[in-house]
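What follows is a single structure, written as structure tokens, with notes after it.
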Amino acid sequence: MPPASPERFSNLLADAIQWIAFRQRKNRQAVQDELGYAMGRSGGTAIAYWIYRKRIPAHLDDIENLAQVIAQRGGWENPSNLLAFLEASGHPNARQLANRLLPLDDPDATPAAGERGQPHPFPFVVGPPTLLPRQFFGRQMELKHIFNVLRGPPLQNVAIVGKQRSGKTSLLHYIKNISSALPAQLRPGQFQGWLPESARYLWVFIDFQDPRMCTQIGFFRHVLSQLQIPFPNPCTLNTFIEAVSQQLSSPAVILMDELPVALQAQELNETFWWGLRSLGANLTEGRLGFIVTSQLLREHMVLANNSPSPFLNIFGHLIELGPLTRQEAYELVNSSPIPFDSADIEWILETSQCWPALLQILSMACWTHLEEERHNEDWKTVALRSIARYQYLLNHDA
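Each residue of the sequence shown is one higher than the one before, counting from 18 in my numbering.
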């Protein structure tokens, strides 16, 4: 039996919690609490202790229960991680328990990381934004700019402007997820070292197309949860500002998608935006930054009463999204598991003009044609019909 390793145990436990949090779109603290409750405890305090103090539970029952509740939530990327966790704990029957919780005929013949619980049958993403870093290509200059200004303190604020379907939301998801991405969520050799001490950063993604985010209480509840700050009672703008300014000790970035929607929300009034401005500019000692997206330039974004938003004055960096570079676009198209003919690659690059959404659509059409062996189908005609509604991307005057 391998010797117990508290450090490896705590690292594997932290990885499992991060994996559950990513899949369920929850913060780590919420997952720790859920696991603690499932083990019959009053929350996640013990789990946090095992992780941050690098301790192994003293009782074998706790180790077994913890392994089981994580398995029930799909927290083990593959059986080998579970086995390594149990061996690191010093469990005397690690292999037998691992086989019982995640049975395989051969425990060493594990599936590729990420296959279990998160299938990804299609190599291209058409329609929704890309969520996993391995699905994201390009924007290297923009990313370098953004992450450089997030090194702080103070963290600086960035406004990202681009046409509809230019990739703004996908860029936000990449920024949020890349630093903590697990190997299963990355392409081989994909870079993720954008930030020093990236594990210290907290990330809050807000989609203002979600009506709950356009109310003050919904906004406050979501932000405080993601920042791992207790919810004050009552929760008002004043108590929210006080909670964040007094309790935020780590660098944190709030990513706001579709900001103009929020500016038009009646409940998110001018006082609300003044409050956020103060948090970012003065009250958190440079630990809080904002990244926002919009189809409009700042001078065209106004509140519901047609007055300019004071919040926008703290954004010193503006990034306008255009097409990918040709090399970035080629890497996206060439990621197909079925190699494309060089002439087809060239057609996709030229037809899409390297816009990421169009690259995904055209590449998916080509891949489907090859995968399903539709030899009698003119896939390019089908692909052109699919991108017809996005001609505004190809019209340089639009």
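Positions of the beta carbon are idealized from the N, C-alpha and C atoms, including for glycine.
This structure is a prediction, so every number in the text was calculated from the model and none was measured.
So Glu-275 and Pro-327 are in contact, right, with Cβ under 8 angstroms, and what is the actual spacing, rounded? Within the sequence shown, the letter at position 258 stands for residue 275. Within the sequence shown, the letter at position 310 stands for residue 327. That belief does not hold up - the Cβ atoms of Glu-275 and Pro-327 are roughly 19 angstroms apart, past 8 angstroms.
Can you name, in chain order, every residue of its own chain whose Cβ lies under 7 angstroms from the Cβ of Gly-292, other than the five neighbours on each side? By 1-based counting over the sequence shown, the position of residue 292 is 275. Closer than 7 angstroms at Cβ, skipping near neighbours: Leu-254, Ile-258.
Per-residue DSSP class, three states only, for Ala-75: What you label residue 75 is simply residue 58 of the sequence shown in a count that begins at 1. Ala-75 falls in the coil class under three-state DSSP.
What did DSSP end up calling Val-270 once you bin it into helix, strand or coil? Numbered from its first residue, the sequence shown carries residue 270 at position 253. Strand, per DSSP.
Buried or exposed: Ala-126, going by 16 or more other Cβ atoms within 10 Å of its Cβ? On the sequence shown, position 109 is the one that residue 126 refers to. The pLDDT assigned to Ala-126 is 37, lower than 50, so where the model puts this residue is not dependable, and the model offers no usable value.
Check whether the Cβ atoms of Pro-268 and Leu-338 lie closer than 7 angstroms to each other. Taking the sequence shown and counting its residues from 1, the one referred to as residue 268 is at position 251. Taking the sequence shown and counting its residues from 1, the one referred to as residue 338 is at position 321. For Pro-268 and Leu-338, no; Cβs fall outside 7 angstroms.
Taking the alpha-carbon positions, what's the Arg-25 to Gln-41 distance? Residue mapping note: residue 25 aligns to position 8 of the sequence shown, counting from 1. Residue mapping note: residue 41 aligns to position 24 of the sequence shown, counting from 1. Cα to Cα, Arg-25 sits roughly 24 angstroms from Gln-41.
Element boundaries [alpha helix (DSSP H), containing Thr-398]: Reading the sequence shown from its first residue, position 381 is the one you call residue 398. Its alpha helix (DSSP H) spans residues 396-403.
From the DSSP output, read off the bridge partner residues of Trp-384. Your numbering for residue 384 matches position 367 in the sequence shown. Answer by DSSP bridge pairing: none, since Trp-384 is not bridged.
For Phe-39, the three-state DSSP class (helix, strand or coil): For the purposes of this step, residue 39 is identified with residue 22 of the sequence shown, where counting begins at 1. Helix.
Output the boundary residues of the beta strand (DSSP E) element that contains Gly-306. One-based indexing of the sequence shown puts residue 306 at position 289. Segment 305-311, the beta strand (DSSP E) holding Gly-306.
Rounded to whole angstroms, how far is the Cβ of Arg-58 from the Cβ of Tyr-66, which I believe are closer than 8 angstroms? Residue numbering aside, residue 58 sits at position 41 when the sequence shown is read from its first letter. Residue numbering aside, residue 66 sits at position 49 when the sequence shown is read from its first letter. Not a contact, Cβ separation roughly 11 angstroms.
State the DSSP-derived secondary structure class of Pro-23, mapped to helix, strand or coil. Here residue 23 refers to the residue found at position 6 of the sequence shown. It is helical.
Could you pull out every residue in the same chain whose Cβ sits closer than 7 angstroms to the Cβ of Pro-354, ignoring the five residues on either side in sequence? Against the sequence shown, residue 354 aligns to sequence position 337. Within the same chain, Pro-354 has close Cβ partners Pro-140.
Express the C-alpha separation of Asp-32 and Ala-63 in angstroms, rounding to a whole number. Residue numbering aside, residue 63 sits at position 46 when the sequence shown is read from its first letter. Residue numbering aside, residue 32 sits at position 15 when the sequence shown is read from its first letter. Cα to Cα, Ala-63 sits roughly 16 angstroms from Asp-32.
Nonlocal neighbours in the same chain, by C-beta distance under 6 angstroms from Cys-252, ignoring five residues either side: As a first step, residue 252 must be located in the sequence shown, where it is residue number 235. Correct list, in chain order: Phe-237.
Please name the residue or residues paired with His-334 in a DSSP beta bridge. Within the sequence shown, residue 334 is the residue found at index 317, counting from 1. Val-175, per the DSSP bridge assignment.
Quick one: Cα of Ser-27 to Cα of His-76, how far? Within the sequence shown, numbered from 1, the residue matching residue 27 stands at position 10. Within the sequence shown, numbered from 1, the residue matching residue 76 stands at position 59. Whole-angstrom Cα-Cα distance: 16 angstroms.
Residue of Pro-249, Gln-35, Val-143 minimising C-alpha distance to Ala-201: Sequence index remark: in the sequence shown, residue 201 carries index 184 (1-based). Ala-201 has its Cα closest to that of Gln-35, out of Pro-249, Gln-35, Val-143.
Own chain partners of Asn-165 with C-beta closer than 6 angstroms, once the 5 adjacent residues on each side are dropped: Position 148 of the sequence shown, counted from the first residue, corresponds to residue 165. Nothing listed; no residue qualifies.
Compare the C-alpha of Trp-372 against each of Thr-398, Ser-266, Gln-408 and name the closest. One-based indexing of the sequence shown puts residue 372 at position 355. The option with the nearest alpha carbon to Trp-372 is Gln-408.
Using a Cβ-Cβ cut-off of 6 angstroms (strictly less than) and excluding sequence neighbours within five positions of Ile-37, which residues of its own chain qualify? Reading the sequence shown from its first residue, position 20 is the one you call residue 37. Taken in chain order, the residues that qualify are Val-48, Arg-90, Gly-92.
Are the Cβ atoms of Met-273 and Val-240 separated by less than 7 angstroms? Within the sequence shown, the letter at position 256 stands for residue 273. Within the sequence shown, the letter at position 223 stands for residue 240. Contact flag unset, no.
Closest by C-alpha distance to Asn-194, when choosing among His-386, Asn-174, Ile-271, Val-178: In the sequence shown, the residue the question calls residue 194 occupies position 177. The candidate whose alpha carbon is nearest that of Asn-194 is Ile-271.
Can you tell which of Leu-83, Asp-50, Gly-53 has its C-alpha closest to the C-alpha of Leu-29? As a position in the sequence shown, residue 29 is number 12, starting the count at 1. Closest by alpha carbon: Leu-83.
Roughly how far, in whole angstroms, is the beta-carbon of Gly-297 from the beta-carbon of Phe-289, given that I think they are within contact range, below 8 angstroms? Here the question's residue 297 lines up with position 280 in the sequence shown. Here the question's residue 289 lines up with position 272 in the sequence shown. That pair is no contact at about 13 angstroms.
Rounding to the nearest angstrom, what Cα-Cα distance links Tyr-54 and Leu-410 in this structure? Counting from 1 along the sequence shown, the entry for residue 54 is found at position 37. Counting from 1 along the sequence shown, the entry for residue 410 is found at position 393. Approximately 50 angstroms, taken between the alpha carbons.
In three-state terms, what does DSSP make of Ala-375? Along the sequence shown, one-based indexing puts residue 375 at 358. Inspection of the sequence shows that residue 375 is occupied by Leu rather than by Ala. The answer is helix: DSSP assigns Leu-375 an H, G or I state.
Is Asn-419 buried or exposed, if buried means 16 or more other CB atoms sit within 10 Å of its CB? Limits of the chain in this structure are 18 at one end and 415 at the other, which puts residue 419 out of reach.
By how many angstroms is the C-alpha of Leu-375 removed from the C-alpha of Trp-364? The sequence position of residue 364 within the sequence shown is 347, counting from 1. The sequence position of residue 375 within the sequence shown is 358, counting from 1. If you take the alpha carbons of Trp-364 and Leu-375, they lie about 12 angstroms apart.
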